[in-house]
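Everything in the sequence shown is counted per the working numbering, starting at 97 for the first residue and increasing by one.
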Amino acid sequence: MRRSPNRVAVLMGGESAEREVSLMSGTGVMQALGRLGIPAVSFDPREMPLSELKGLDVSAAFLALHGRFGEDGTVQGALEWLGLPYTGSGVMASAIAMDKPMTKRIWRAEGIPTPKFLRLTGRERSEGVIAELGLPLAIKPAREGSSLGFTKLERVEDFDRAVDLAQRYDDGVLAEAFVGGREFTVALLGDESGEVQALPVIEIVAPQGNYDYQNKYFGEATRYICPAPVPVEIAQQMQSLSLRAFHALECEGWARVDILWDGVAEPMLLEINTCPGLTDHSLVPMAAKAAGFSYDQLVLRILSGARLKLKRETTT
């Protein structure tokens, strides 16, 4: 079947705990494509199998899926099998980036600073974990985003409860030495040539330091400062580390790296998101605006990654 050279399927919704956010991201992308004059159709993998994409006469898939079964390599693998170009990272990078402990193992091997951690299964005794990592701890699902299932553990007696909460979202659990300090994020954006640039650093100032799911997407109290008010050399270090983290996992297209900095030691990288949010509260559009990109230009730039893959397909 000959594909239309311009029609795009926007994949949104899906099965993950971040479904609601994904629907908001996908709606924003659909509206941007409409303004750009690019024909598009929305596609929810929860409502129909991915194989149905073959009958939609589309040339590329714009992934606005978040979390598991969307950002973790599963959908990417299906699209590879269908021969349909898609935005963002490939199968391997998506799967690794979704798994926080695996990501951190690679970063540590590459000399990229990240807090000390353990991967838990739920059978570990609190005493052993705390003896190795200390208190406070960050307890979170190994493969989930948007701060779902997160606990800042400050008392040993709350350990089992924190692990149980994380395991509502994933069997694997990340226990991480809690790093105090200010919270930042760096968005990374590729171009049609495949070159990736780090956008201006954003500082996140959440109420009582609680940047949870509600504050991320629905709250009004969290403040975002872009460019972040840090020394130029620190901002450049955060951008450089984020690019190293991106390339260490062989990511493609775009991503966002979350960072903590205590104002004294070097910045510590927490995680990377290979399909970040594109809602009106999301951070990548904010960083892109500071870099001179409109929302529509950002969407077109992300889509250019899928266009690049399509170009490679048609010239080989």
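Every residue, glycine too, gets a C-beta built ideally from N, C-alpha and C.
Compute the Euclidean distance between the alpha carbons of residue i and residue j, then round it to the nearest angstrom.
| i | j | result |
| --- | --- | --- |
| LEU229 | GLU240 | 22 angstroms |
| ALA213 | GLY130 | Reading the sequence as shown, one finds Phe at residue 213 and not Ala. For PHE213 and GLY130, the distance between alpha carbons rounds to 44 angstroms. |
| ALA402 | GLU250 | 44 angstroms |
| SER390 | GLU348 | 21 angstroms |
| VAL328 | LEU366 | 21 angstroms |
| GLY110 | LEU159 | 11 angstroms |
| MET144 | GLY388 | 37 angstroms |
| ASP153 | ARG103 | 7 angstroms |
| GLU272 | PRO211 | 6 angstroms |
| SER336 | GLY151 | 43 angstroms |
| PRO295 | PHE165 | In the sequence under discussion, the amino acid at residue 295 is Leu, which differs from the Pro named in the question. So the two alpha carbons sit approximately 28 angstroms from each other. |
| VAL117 | LEU261 | 20 angstroms |
| GLY122 | SER112 | 14 angstroms |
| SER378 | THR170 | 24 angstroms |
| VAL275 | LEU231 | 10 angstroms |
| ILE134 | MET120 | 19 angstroms |
| GLN333 | MET364 | 11 angstroms |
Tell me which residues share the same chain as residue i and place their Cβ nearer than 7 angstroms to its Cβ, disregarding the 5 neighbours each side in the sequence.
| i | result |
| --- | --- |
| GLY277 | LEU356, TRP357, ASP358 and GLY359 |
| GLN263 | GLY218 and VAL269 |
| TYR307 | Here TYR307 scores only 44 on pLDDT, less than 50, and its place in the model should not be relied on; the value that follows carries that caveat. Excluding positions up to five away in sequence, the list reads SER243, GLU279, ILE300 and THR318. |
| GLN172 | TYR182, GLY186, VAL187 and SER190 |
| SER338 | VAL282, LEU284, ALA294 and VAL353 |
| GLY245 | LYS236, PRO237, LEU261, ALA262, ARG264 and TYR265 |
Within 10 angstroms of the Cβ of residue i, are there 16 or more other Cβ atoms? Answer buried if so, exposed if not.
| i | result |
| --- | --- |
| VAL252 | exposed |
| LYS196 | buried |
| PRO381 | buried |
| GLY224 | exposed |
| TRP177 | exposed |
| SER100 | Caution applies to SER100, whose pLDDT of 47 falls short of 50 and renders its modelled position unreliable; the model cannot decide the point. |
| ASP354 | buried |
| ALA227 | exposed |
| ASP376 | exposed |
| ALA156 | buried |
| GLY290 | exposed |
| GLY179 | exposed |
| GLY207 | exposed |
| ARG115 | buried |
| ALA205 | exposed |
| PRO303 | exposed |
| LEU149 | buried |
With a threshold of 6 angstroms on Cβ separation, who are the neighbours of residue i within its own chain once the five nearest residues in sequence on each side are excluded?
| i | result |
| --- | --- |
| ALA174 | LEU146 |
| PHE139 | ALA105 and LEU107 |
| GLU362 | PRO209 |
| ALA258 | ILE235, THR247 and LEU249 |
So, under 8 angstroms CB-CB, residue i and residue j are touching, yes? Tell me the CB distance rounded to an integer number of Å.
| i | j | result |
| --- | --- | --- |
| ILE368 | THR199 | 6 angstroms |
| ALA238 | ASP266 | 5 angstroms |
| GLY124 | THR370 | Between THR370 and GLY124 the Cβ distance is about 18 angstroms, and since that is not below 8 angstroms, they are no contact. |
| ILE202 | ALA344 | 6 angstroms |
| ILE298 | ALA331 | Contact doesn't hold; Cβ gap of about 10 angstroms is too wide. |
| MET126 | GLU167 | With a Cβ gap of about 19 angstroms, MET126 and GLU167 do not count as contacting. |
Looking only at its chain, what residues have a beta carbon closer than 8 angstroms to the beta carbon of residue i, apart from the 5 residues adjacent to it on each side?
| i | result |
| --- | --- |
| ASP287 | GLN293, ARG397 and SER400 |
| LEU132 | ASP392, VAL395 and LEU396 |
| TYR320 | ILE298, GLU299, ILE300, VAL301, LEU379 and MET382 |
| SER222 | VAL252, PHE255 and ASP256 |
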